[in-house]
Amino acid sequence: MRDEQQPLRRIFSRRAWHGPSAEFPAHLENAFRERYNEVNAPLAHSGLLMGVFILLAFYFWDIVIDVAQSTKTLMIRIAGAILMLAVIYLPGQFGVRYFQQFFAFTIATVGLGVILIIAIVKDGLNVGLSGVMIVLTFNFGFLRLLFFPSLIAGAAICAGYNLAAAAAGMETARIVANNFFLVSTFVAGAAVTYRLERLTRDQFLAERELLGRQDQLARQAQNDARYLSWLRQLAQFLRHEVRHPVAQISSSIEIAQLMSEGNERVVPHLASAALSNQQVWNLIERASQATDGEAFVRRFEPRVADLEALIVDQVKAFQQSNSGVEFRLESDGPITCRFDETQIKEALSNLLDNATSFANDGSTVEITLKVKGATAVVQVSNHGPTLGGDGEELFGPFVSTRASPPGSHRGLGLYLVRLIAEQHGGSSTIANRPNGLGVTATITLPLWN
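Under the numbering used here, the letters of the sequence shown match residues 185 to 633, in that order.
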């Protein structure tokens, strides 16, 4: 797979001249030719059909130049037109498969026919040179031939003209002079065909790489869907399947405590068992909530909205439910982002809840919304105790600094904040305020342009 998906820097790197297929993976050559023929055969058919019209229309040129030979030239033109029409109407897949061979042979034959025409008419090898150049233009452009087939056909046409000129006794100086135009057309056309094939091959490799990445993304999406389903099932299992045996253990411990009243040797052990059982249940609840949180974040449904309006609503709601703390919002104004409203509300609610629960009574929780570069920055700061260690540790699951009984807080608030921020392409941090009088938590989200 790695050979098929070369990095673009290798595809477009400078290479020694070994033809358009230099460094092209050999095992992809047939696939490239099939794809190239399939895409370009319809265009080549249109080009050849136009060539039929031009070839026949130039019969009037024959009449003007040499009416005496016009019957012979008409027969040659009709034969060339029949050959081109026959190639155009070859059976579908057969014609596409051998598109390069048939079209190269046809244009070379028609070119030699045109050379025969100008060799027949009076002074045609001089005045009819432009007709040969038109054929070369079709060979290198309109017929969508690859470099080497067009090069061979073009060389045959140029060689045919020079042989005809030499057989007609044309002066060497005149042959050389005419070849300035002929060779210039040949070289320019070959250069264009060469470059187009190189670009087409590069595009083919880039498309294969893109398809490979799309397949990887599709497989990743399937894996994520299965993982999300597994998380939901795990949460249900922890809540429903484990709840019953834990409740039975708790009931058995209570019965044993009632039956062992007065037995001082047993009471401490039963109390320890009861505490351990409660801790097990708390762990189950915390793990269940963690899986719920993972599943919640993965249900990502963003839309373009005003981030300021959402924050204003959240701050108002917290102000109404928390009488001991003031809230102050400073904003740069309406800021448009693309986000999942439910998830951002959850993240802001967790930050505001943390800031409020640790804030000093009567203090103010400060919320700021600013634009910094291509991101919107939301900061929530309080006045209260500072962090005693590395703030990054607080974004891990089941981490809490609250001095409360085990299990009363799950330690998932900042963990969800980090998951939500990263799901939106942003980030989250927490650190002590520069003045040492509290803590500032920050979320950044990319702006919507």
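Where is the CB? At the ideal position from N, CA and C, for every residue including glycine. These numbers were taken from a predicted model, which means no experiment stands behind them.
Once the 5 residues before and after residue i are set aside, which same chain residues still bring their CB inside 6 Å of it?
i           : result
residue 450 : 444
residue 518 : 490 and 492
residue 311 : none
residue 297 : 260 and 264
residue 458 : 437
residue 548 : 510 and 512
residue 348 : 299 and 303
residue 433 : 461
So the candidates are the options; which of them puts its Cα closest to the Cα of residue i?
i           : options               : result
residue 236 : 248, 295, 334 and 253 : 295
residue 246 : 254, 261 and 322      : 254
residue 328 : 601, 229 and 539      : 229
residue 208 : 224, 304, 223 and 385 : 385
residue 216 : 417, 284 and 502      : 284
residue 505 : 527, 533 and 483      : 533
residue 391 : 307, 558 and 219      : 219
residue 536 : 238, 567 and 211      : 567
residue 343 : 514, 292 and 324      : 292
residue 525 : 496, 486 and 550      : 486
residue 603 : 227, 572 and 531      : 531
residue 624 : 349, 539 and 277      : 539
residue 232 : 248, 244, 301 and 325 : 325
residue 243 : 267, 301, 234 and 288 : 301
residue 569 : 576, 545 and 577      : 545
residue 365 : 355, 406 and 320      : 320
residue 211 : 417, 442 and 389      : 389
residue 252 : 286, 414, 306 and 496 : 306
Within its chain, find whatever has a CB closer than 8 Å to the CB of residue i; leave out the 5 residues flanking it on each side and keep chain order.
i           : result
residue 488 : 520, 521, 522 and 632
residue 357 : none
residue 452 : none
residue 556 : 628
If we call anything under 8 Å between Cβ atoms a contact, is residue i one with residue j?
i           : j           : result
residue 601 : residue 612 : yes
residue 256 : residue 299 : no
residue 404 : residue 484 : no
residue 553 : residue 564 : no
residue 559 : residue 629 : yes
residue 359 : residue 308 : no
residue 288 : residue 334 : yes
residue 571 : residue 598 : no
Quick one: residues in its chain with C-beta nearer than 7 Å to the C-beta of residue i, no 5 flanking neighbours on either side, listed in chain order?
i           : result
residue 378 : 204 and 331
residue 440 : 454
residue 280 : 221, 222 and 225
residue 240 : 261 and 265
residue 498 : 529, 532, 533 and 536
residue 382 : 204
residue 699 : Residue 699 falls outside the range modelled here, since the chain spans only 185 to 633, and no answer is possible.
residue 447 : none
Using beta carbons (cut-off 8 Å, strictly below), is residue i in contact with chain C?
i           : result
residue 369 : Annotation note: the requested chain C is absent from the structure, which comprises a single protein chain.
Looking at C-beta atoms only, is the number of pairs between the segment 371-391 and the segment 327-338 that lie closer than 8 Å three or more? yes
Are at least three pairs of beta-carbons, each pair with one atom in the segment 388-402 and one in the segment 355-369, less than 8 Å apart? no
Is the segment 308-324 in contact with the segment 267-274, if contact means three or more CB pairs nearer than 8 Å? no
The segment 614-621 touching the segment 496-510, judged by at least three CB pairs closer than 8 Å: no
Could you tell me which whole alpha helix (DSSP H) segments of length 4 or greater appear in the segment 261-296? 276-281
Note down, one range per segment and in chain order, each beta strand (DSSP E) of at least 3 residues found wholly within the segment 509-572. 510-515, 520-523, 548-556 and 559-565
Only counting runs of 3 or more residues, tell me where the beta strand (DSSP E) segments fall wholly within the segment 386-452, in order along the chain. none
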